[in-house]
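Notes to accompany the following structure.
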Amino acid sequence: SQTIHQWPATLVQPVGSPLSLECTVEGTSNPNLYWYRQAAGRGLQLLFYSVGIGQISSEVPQNLSASRPQDRQFILSSKKLLLSDSGFYLCAWSRGGDYEQYFGPGTRLTVT
Amino acid sequence: ILNVEQSPQSLHVQEGDSTNFTCSFPSSNFYALHWYRWETAKSPEALFVMTLNGDEKKKGRISATLNTKEGYSYLYIKGSQPEDSATYLCAFRNNAGNMLTFGGGTRLMVKP
């Protein structure tokens, strides 16, 4: 069976500090991978998606970036966090674009 | 920017009540409509993927209908139970890519 992991589960970081959130998927190969964010009081917003190693599409211009160094690893990064980066970050995977998406447990990020 | 809206934003019902809520989405270039249930401190869980106009899907006491011509989907819960308390998300996918656009969610609270 497939599983998706995210870490850390919670993170408190000062403004201006760097960020690295990691997501890994087990039990499948060549998944589509996605990063979403839910800011306080808002719905899920797609940040990045990837259809393969090194292939990243960005949906929202911001100070975040994503990388996919391995087939089942997706990393969300920032060089300098802003207060507005606080939120709940979810990673998801799907079998190509035609199938439903499966979500990880999420990371709660608080920027202080 | 695709507009996906859910109403109401929140809903309080008594145990045993039946309830329903709405997701509206663009009626052009439709590909699929997804429903998810998101319980606090858990990952969003896929409920339904709907692709055809007039689709009706059912899982236990939860069912959903789809009208792609007018751009709406209803989610029904029959005989609500406290464990149904969650945020219900719909997500729209058009035929232009792999991305899901999420609505803001309906937060359901079922009182015992």
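Those sequence lines, one after another, are chains A and B. Heads up: the first sequence runs through residues 5 to 116, numbered per the numbering used here. Heads up: the second sequence runs through residues 1126 to 1237, numbered per the numbering used here. Don't be surprised by glycine CBs; every beta carbon is placed ideally from N, CA and C. Bear in mind that the values here come from a model prediction, so they are computed numbers and not experimental data.
Spatial neighbours of residue 1201 (chain B) within its chain, please: CB distance less than 6 angstroms, with the 5 preceding and 5 following residues excluded, ordered by chain position. 1145, 1188
Please report whether the beta-carbon of residue 1133 (chain B) lies at a distance below 8 angstroms from any beta-carbon of chain A. no
Which residues in the same chain as residue 100 (chain A) place their Cβ atom closer than 7 angstroms to its Cβ, once the five residues preceding and following it in sequence are excluded? 36
Please decide whether residue 1127 (chain B) counts as near chain A, where near means a Cβ-Cβ distance under 8 angstroms. no
Please compile the residues from chain A whose C-beta is within a distance smaller than 9 angstroms of the C-beta of residue 1224 (chain B). 38, 50, 53, 61, 63, 101
Taking just the CA atoms, how far does residue 1147 (chain B) sit from residue 1232 (chain B)? 12 angstroms
Determine whether the beta carbon atoms of residue 113 (chain A) and residue 15 (chain A) lie at a separation below 8 angstroms. yes
Can you check DSSP and say which residues form a bridge with residue 1224 (chain B)? For residue 1224 (chain B), which the question treats as bridged, DSSP gives no partner whatsoever.
What do you reckon, is the C-beta of residue 97 (chain A) under 7 angstroms from a heavy atom of the ligand MN? The model on display carries no ligand, and the ligand MN is accordingly not part of it.
Distance cutoff 8 angstroms, beta carbons only. Does residue 46 (chain A) sit that close to anything in chain B? yes
From residue 1149 (chain B) to residue 13 (chain A), what does the alpha carbon distance come to, in whole angstroms? 33 angstroms
Straight-line Cα distance separating residue 1209 (chain B) from residue 1140 (chain B): 10 angstroms
Any idea what DSSP makes of residue 68 (chain A), helix, strand or coil? strand
Against chain A: residues of the stretch 1150–1174 of chain B by CB proximity under 7 angstroms: 1159, 1168, 1169, 1171, 1174
Please list the partners that residue 1242 (chain B) has in chain A, where partner means a Cβ-to-Cβ separation under 8 angstroms. Coverage of chain B is limited to positions 1126 through 1237, which leaves residue 1242 (chain B) absent and any answer about it impossible.
Does any residue of chain A have a CB that is nearer than 8 angstroms to the CB of residue 1214 (chain B)? yes
Rounded C-alpha distance that separates residue 1207 (chain B) from residue 111 (chain A): 26 angstroms
Does residue 1177 (chain B) come out as helix, strand or coil in the three-state DSSP assignment? coil
CB contact flag (residue 1160 (chain B), residue 1173 (chain B), <8 angstroms): yes
Starting from the C-beta of residue 72 (chain A), find all residues in its chain whose C-beta is less than 8 angstroms away, skip the five residues before and the five after it, and write them out in chain order. 37, 54, 56, 57, 58, 59, 60, 78, 79
Report all residues from its chain with a CB closer than 6 angstroms to the CB of residue 43 (chain A); omit the five preceding and five following residues, and keep chain order. 91
Inter-residue Cα distance where the pair is residue 66 (chain A) and residue 21 (chain A): 15 angstroms
Where residue 1151 (chain B) and residue 86 (chain A) are concerned, what is the direct C-alpha to C-alpha distance, given to the nearest angstrom? 33 angstroms
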